[in-house]
Structures are given as C-alpha cells and as structure tokens.
Amino acid sequence: MVGAGLSGLTSAYHLRERRVLVLEAGEVPGGVCRQGSYQGLAYPAGSAYFYYLGDPSWEAWYKGLELPLADSLVSKPVSALFYGGRWYPDCFSKPGLQILPLPRRAINGLVNLVERLAVWEEVWDPLGSDNLPNPELDQITLAHFLEKEQGLPPQVTNILTPYCRSCLGAGPEAISAWAGLFFLMSEFSEKSRTAAFPGGNAMIARALAQSLSPPVRCGQTLVRLEPTRHGVDLLVWDSLGSRGYRLQAGVVILALGKFAAQHILPPHAGWNLEIFKGFRYSSYVVAALCGRISVESPGYENWVVGEEHLSDFIMSPRTPRSGEARVMTVFAPQPYAQNREALLRVQPGDKAKELLTAVESHFPGTAREVEEIHLYRFGHAQIVPYPGFLTTLKGNIAQAQGRIILANSDLEGLPCIEAAIVQGQKAARRARTLLTG
Ligand SMILES: Cc1cc2nc3c(=O)[nH]c(=O)nc-3n(C[C@H](O)[C@H](O)[C@H](O)COP(=O)(O)OP(=O)(O)OC[C@H]3O[C@@H](n4cnc5c(N)ncnc54)[C@H](O)[C@@H]3O)c2cc1C
Numbered sequence: 208m209v210g211a212g213l214s215g216l217t218s219a220y221h222l223r224e225r226r227v228l229v230l231e232a233g234e235v236p237g238g239v240c241r242q243g244s245y246q247g248l249a250y251p252a253g254s255a256y257f258y259y260l261g262d263p264s265w266e267a268w269y270k271g272l273e274l275p276l277a278d279s280l281v282s283k284p285v286s287a288l289f290y291g292g293r294w295y296p297d298c299f300s301k302p303g304l305q306i307l308p309l310p311r312r313a314i315n316g317l318v319n320l321v322e323r324l325a326v327w328e329e330v331w332d333p334l335g336s337d338n339l340p341n342p343e344l345d346q347i348t349l350a351h352f353l354e355k356e357q358g359l360p361p362q363v364t365n366i367l368t369p370y371c372r373s374c375l376g377a378g379p380e381a382i383s384a385w386a387g388l389f390f391l392m393s394e395f396s397e398k399s400r401t402a403a404f405p406g407g408n409a410m411i412a413r414a415l416a417q418s419l420s421p422p423v424r425c426g427q428t429l430v431r432l433e434p435t436r437h438g439v440d441l442l443v444w445d446s447l448g449s450r451g452y453r454l455q456a457g458v459v460i461l462a463l464g465k466f467a468a469q470h471i472l473p474p475h476a477g478w479n480l481e482i483f484k485g486f487r488y489s490s491y492v493v494a495a496l497c498g499r500i501s502v503e504s505p506g507y508e509n510w511v512v513g514e515e516h517l518s519d520f521i522m523s524p525r526t527p528r529s530g531e532a533r534v535m536t537v538f539a540p541q542p543y544a545q546n547r548e549a550l551l552r553v554q555p556g557d558k559a560k561e562l563l564t565a566v567e568s569h570f571p572g573t574a575r576e577v578e579e580i581h582l583y584r585f586g587h588a589q590i591v592p593y594p595g596f597l598t599t600l601k602g603n604i605a606q607a608q609g610r611i612i613l614a615n616s617d618l619e620g621l622p623c624i625e626a627a628i629v630q631g632q633k634a635a636r637r638a639r640t641l642l643t644g
C-alpha cells in the first residue's frame with residue numbers, strides 16, 4: 208500500500224488479515240486528515256467533518272472501528288453564514304433559508320431546489336459507481352445552473368462561494384454543477400447528519416492505522432514502480448535513513464494522488480498517463496489561531512461570505528468555559544488555478560499576518576487574543592471537479608492494470624472522506640480477487 212491517507216488506510220484495513228505493508232511519505236498517517244493540539248486541546252488541522260449517513264453499512268463500518276459515533280453527532284445549528292456583518296444560523300436547512308437576506312423570489316427558488324435535491328438523493332447513487340445520473344449537470348458550472356437554469360440572482364451564487372471554495376476547491380463559477388449539487392444535497396439532507404470528532408477526521412485515520420500490523424511505515428516515499436512477471440518492484444526513498452531501497456510486492460495499491468502517480472508509473476504499466484494530466488488540484492492553508500479566543504459563532508461550521516482570504520472556521524471547543532483556551536481553525540483555500548508556486552513563495556509570517564488581519568476585520572479584538580498561530584500548508588490539497596471532469600472519469604480509467612491498483616479520492620473526482628473510503632474499499636476488493644484468483 209502506498210499512501211496512508213484515508214483511501215490507503217481503508218484499503219489496508221480491509222486487507223488486514225493479509226501481509227500488508229503501508230508506506231507513507233509524510234511524518235504521520237492520515238494524509239489531509241490532520242489533527243493539531245494546543246495546551247492539550249485537540250483541533251482539526253485539515254479534514255474536519257463527515258456525514259453520518261443513516262445507512263446500515265456505513266454505520267457498521269464506523270462501529271467496526273470502535274469510534275464513538277453517538278458523541279460525534281454535531282448539534283444544531285451545524286452551519287452558519289456570516290454575511291454583511293451578521294450571523295444567519297442553520298443556513299443549510301429549509302427554515303434557515305427563510306431568514307437569509309435575499310429577495311423572496313430567491314428564497315422560494317432555493318427552497319424548490321432543496322426539494323429537488325431531496326428527490327435526486329433518492330435515486331443518485333454515485334459513489335463508487337460507473338454511472339453519472341443527470342450527466343448534463345456535469346457539463347455546466349454551478350453558477351450557470353443557479354443563475355441561468357434556475358433563474359436565481361447572483362447573490363445566491365455569492366452566498367455559496369465560501370462553501371464551494373472550501374469543500375470543492377474553487378468557486379461556483381469554476382466547479383461542475385453536478386459536484387456542487389451533490390455536496391449541497393448532503394448538507395441539506397434530512398437523512399444524514401453531520402458528525403465530527405474533536406480533532407476532526409484524523410481520529411478516523413488513527414483508528415484505521417491502529418488496526419494495522421505492522422504499523423504504517425512513515426517517511427517512505429515511493430519513487431518508481433516496475434511491473435514484473437509475478438508482482439511489482441518498488442523503489443522507495445527512506446527520508447529518515449536518507450537511503451533508497453527496493454521492495455517486491457505481490458500486489459501494489461497506489462493510494463496517492465494522480466499528480467504524483469503520473470510520475471511514478473512507467474508508461475508500459477498500462478495507463479494512458481496523459482489522462483492524469485487532466486486531474487486538477489487546489490491548494491489550501493489552514494491556520495489555527497490559539498488563545499483565549501472569544502469569537503461568538505452559532506455554527507459548528509461558520510462560513511464567511513465575501514472574504515477572499517478565508518472561507519470558514521471551526522471553534523474548538525465550540526462552547527467555551529470562561530477563560531478557557533480555544534482554537535479557531537481558519538480554512539483558507541487558495542485561489543484556484545493560480546498554481547501552487549504562489550503558496551511556495553509566501554513566507555509563513557506573512558501568511559499568518561494576512562489571515563489574522565482578515566479575521567480581525569470581521570471579528571474585531573480577536574488579534575489581541577491570539578497567543579499562537581499554527582499554519583498548515585497543503586499543496587495538491589484536493590481534487591477540483593471542474594465541468595466535464597466527472598464524465599471523463601466515469602468508466603474511462605481502469606482501476607487496475609495487472610497487479611497495480613489505483614485508489615485515492617481523486618478517482619471519484621470528489622474531495623470528501625466518503626469518496627476516499629469508497630475508493631479504498633474498492634481497491635481492497637480488487638486486491639483480494641487478484642491475490643486469491
Ligand atoms: C484542508 C482540508 C479540509 C478538508 N475537510 C474535509 C471535511 O471536513 N470533510 C470531508 O469529507 N472532506 C474534507 N476534505 C477532503 C478529504 O479529507 C479528502 O478528500 C480525503 O481525506 C483524501 O484522502 P485520500 O486518501 O484520497 O488522499 P490523501 O489524504 O491526500 O492521502 C494521500 C497520501 O499519500 C501520500 N503520498 C503521496 N505521494 C506518496 C509517495 N510517492 N510515496 C508514499 N506516500 C505518498 C501522502 O503523503 C498522503 O498521506 C478536506 C481536505 C482538505 C485539504
């Protein structure tokens with residue numbers, strides 16, 4: 208197994224009765240599911256929440272990991288919108304829509320859309336499947352769908368911008384309507400609940416990693432793969448020991464992004480490596496503002512409209528006791544399509560200052576409460592489902608060639624943990640067939 212993000216860890220977990228070695232380039236398993244800590248307080252430093260889908264198979268899966276699911280359900284209001292200096296709690300619910308500062312016609316249009324999403328929710332089963340229901344929605348942008356097809360005013364697109372930038376890597380004008388609507392379907396769903404652990408989705412990654420023996424080997428970067436007659440040869444760089452070494456495996460699951468896989472796979476492995484060039488990723492900065500932070504925000508997820516430097520924030524703990532230390536995790540998706548060079552060039556101190564200034568402009572007084580800032584940089588943070596990408600993916604990319612199998616959420620085209628888990632499970636099934644067949 209190469210890559211210990213949620214997709215790789217899930218595959219390894221489902222194959223744990225076999226001899227599985229997991230190699231991870233980073234210092235800890237989890238990929239973008241990271242946890243930070245301040246004075247013993249855990250906070251999400253990357254991927255934060257998931258959907259408790261109210262579906263028996265998902266429930267069994269989480270329970271199998273012995274995760275405290277009942278404690279993870281987020282109390283209402285889950286989401287709140289900060290717009291024009293005011294809070295609008297429970298913005299992703301029908302009652303919440305009613306109080307948004309929008310013309311009545313726009314509110315009615317949004318309510319109709321939510322009702323349509325509920326109908327689609329019954330018939331769409333896209334994760335892991337080769338079909339894309341309503342494929343025409345993948346050919347247009349979310350902004351086009353909202354404004355031209357639904358006749359909603361641009362204010363609606365504006366209100367949804369922080370959500371799209373944060374969860375889908377780009378604004379409504381750049382993402383596929385299908386992907387945007389699929390995500391909004393989950394937010395408005397009356398069948399699923401939002402769930403989160405104190406340190407975010409890192410807790411799921413940890414539970415998966417702890418089930419593995421031998422443990423995940425960190426600091427190990429796969430550099431090259433070579434299919435052989437009986438398996439696969441791997442060339443690995445051990446950054447802890449500063450040395451390279453070779454390994455042989457019966458089957459390899461590549462659970463890393465295609466931005467890396469395209470450089471590791473040889474052309475004769477069977478994939479058209481040009482296709483991987485069509486995978487586009489966004490970059491991300493997460494800043495944890497630590498101190499006695501007194502910002503009052505109604506939601507678990509708090510979306511800030513009209514602020515280019517950040518999209519949303521989560522407070523840990525959500526309800527503080529007086530004088531208690533708190534962390535404000537600020538999510539700062541970087542502008543899509545401006546490549547990661549800008550992120551590599553910026554100095555951490557300057558980035559921290561930029562984010563602090565942005566927070567202070569909306570929540571005056573916060574800057575002087577901040578005692579420490581922890582910054583996390585994610586290049587190639589998440590796949591961006593731009594229009595047409597999901598259509599290209601479905602059925603067009605072989606999951607396996609010989610004894611090499613692909614995993615990772617980018618194969619689903621959707622940046623969410625459910626996509627990573629489903630892809631991990633699919634890869635494990637494929638590996639088992641190869642190993643037993
Ligand atoms: C800041 C942020 C917040 C998010 N918040 C949420 C959220 O709240 N809810 C949600 O559902 N989704 C969220 N997501 C998206 C979701 O978490 C991810 O889509 C999912 O976790 C990705 O898992 P993965 O295994 O596909 O990829 P990754 O997590 O990217 O894992 C890939 C792993 O492969 C390793 N690797 C890469 N190259 C090599 C190599 N050559 N050799 C060895 N190892 C290698 C990497 O180090 C990494 O650990 C968020 C994403 C980001 C960036």
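Numbering (the numbering used here), first residue to last: 208 to 644.
Don't be surprised by glycine CBs; every beta carbon is placed ideally from N, CA and C.
Source: prediction; values computed, not measured.
(request) Compare the Cα-Cα distances from residue 375 to each of 358, 400, 348 and report the closest residue. (result) 348
(request) Tell me where the beta strand (DSSP E) around residue 268 begins and ends. (result) It is not in any beta strand (DSSP E) - residue 268 instead sits in the alpha helix (DSSP H) that spans 263-271.
(message) Using only CA atoms, which one of 464, 320, 403 lies nearest to residue 209?
(response) 464
(message) With H, G and I counted as helix, E and B as strand and the rest as coil, what does DSSP make of residue 370?
(response) helix
(message) Less than 7 Å between C-beta atoms, sequence neighbours within five positions excluded: which residues of the same chain meet that for residue 324?
(response) 388, 391, 392, 395
(request) Please indicate yes or no: does the CB of residue 625 lie closer than 8 Å to some heavy atom of ligand 1? (result) yes
(message) Please classify residue 447 as buried or exposed, where buried requires at least 16 other C-beta atoms within 10 Å of its C-beta.
(response) exposed
(message) Using the three-state DSSP reduction, which class does residue 338 fall into: helix, strand or coil?
(response) coil
(message) Could you tell me the alpha carbon to alpha carbon distance between residue 251 and residue 576, rounded to whole angstroms?
(response) 20 Å
(request) State the start and end residues of the unbroken alpha helix (DSSP H) segment that holds residue 603. (result) First-last for residue 603: undefined, no H or E at that position.
(message) I need the straight-line Cα distance from residue 423 to residue 516, nearest angstrom please.
(response) 35 Å
(message) Beta-carbon within less than 6 Å of residue 547's beta-carbon, same chain only, minus the 5 sequence neighbours each way: which residues are those?
(response) 490, 586
(message) I'd like the list of long-range same chain contacts for residue 364, defined as Cβ closer than 7 Å, with 5 residues on each side in sequence excluded.
(response) 350, 353, 354, 379
(message) As a quick exercise: from 224, 295, 410, 619, pick the residue whose alpha carbon is nearest that of residue 236.
(response) 410
(request) Report the three-state DSSP secondary structure of residue 597 (helix, strand or coil). (result) helix
(message) Rounding to the nearest angstrom, what Cα-Cα distance links residue 254 and residue 239 in this structure?
(response) 6 Å
(request) In the DSSP assignment, find the alpha helix (DSSP H) that holds residue 409 and state where it starts and stops. (result) 409-417
(request) With a cut-off of 8 Å on the beta carbons, I'd call residue 589 and residue 633 a contact; round off their distance for me. (result) That belief does not hold up - the Cβ atoms of residue 589 and residue 633 are roughly 19 Å apart, past 8 Å.
(message) Using a Cβ-based criterion (distance less than 8 Å to any ligand heavy atom), does residue 240 qualify as near ligand 1?
(response) yes
(message) What residue range does the beta strand (DSSP E) around residue 286 cover?
(response) 286-290
(message) If contacts are defined as beta-carbon pairs under 8 Å, then residue 507 and residue 368 qualify, I think. What distance do you get, rounded to the angstrom?
(response) Contact flag wrong, Cβ pair sits at about 20 Å.
(message) Could you check whether the Cβ of residue 370 sits closer than 8 Å to any heavy atom belonging to ligand 1?
(response) no
(message) Just to confirm, is the Cβ distance from residue 281 to residue 403 under 9 Å?
(response) yes
(message) Here's the rule: buried if 16 or more other CB atoms are within 10 angstroms of the residue's CB, otherwise exposed. What is residue 332?
(response) exposed
(message) So, at 6 Å on beta carbons, what are the nonlocal neighbours of residue 307 in its own chain, with the 5 sequence-adjacent residues on each side left out?
(response) 295
(request) Give me the Cα-Cα distance between residue 481 and residue 592, rounded to the nearest whole angstrom. (result) 18 Å
(request) For the stretch 448-455 and the stretch 492-505, state whether three or more C-beta atom pairs, one from each stretch, are separated by less than 8 Å. (result) no
(request) Kindly list the residues whose CB is nearer than 7 Å to the CB of residue 555, restricted to its own chain and excluding five residues on each side of it in sequence; keep chain order. (result) 582
(request) Report the option in 256, 262, 293, 287 whose CA atom is closest to the CA atom of residue 279. (result) 256
(request) Decide if residue 526 is buried, meaning its Cβ has at least 16 other Cβ atoms within 10 Å, or exposed. (result) exposed
(message) For ligand 1, I want to know if residue 606 counts as a neighbour, meaning its beta carbon is within less than 8 Å of at least one of the ligand's heavy atoms.
(response) no
(request) Might you give, ordered along the chain, the residues of its own chain that have their beta carbon closer than 8 Å to the beta carbon of residue 437, omitting 5 neighbours on each side? (result) 457
(message) Considering only heavy atoms of ligand 1, does any lie closer than 8 Å to the CB of residue 408?
(response) yes
(request) Taking the CB atoms as reference points, tell me whether residue 203 and residue 430 lie closer together than 9 Å. (result) In this structure the chain extends from 208 to 644, so residue 203 is not present and cannot be described.
(request) Whole angstroms is fine: what's the gap from residue 540's alpha carbon to residue 329's? (result) 31 Å
(message) Going residue by residue through the stretch 500-570, where are the continuous alpha helix (DSSP H) segments of at least 4 residues, counting only ones entirely within it?
(response) 548-552, 555-569
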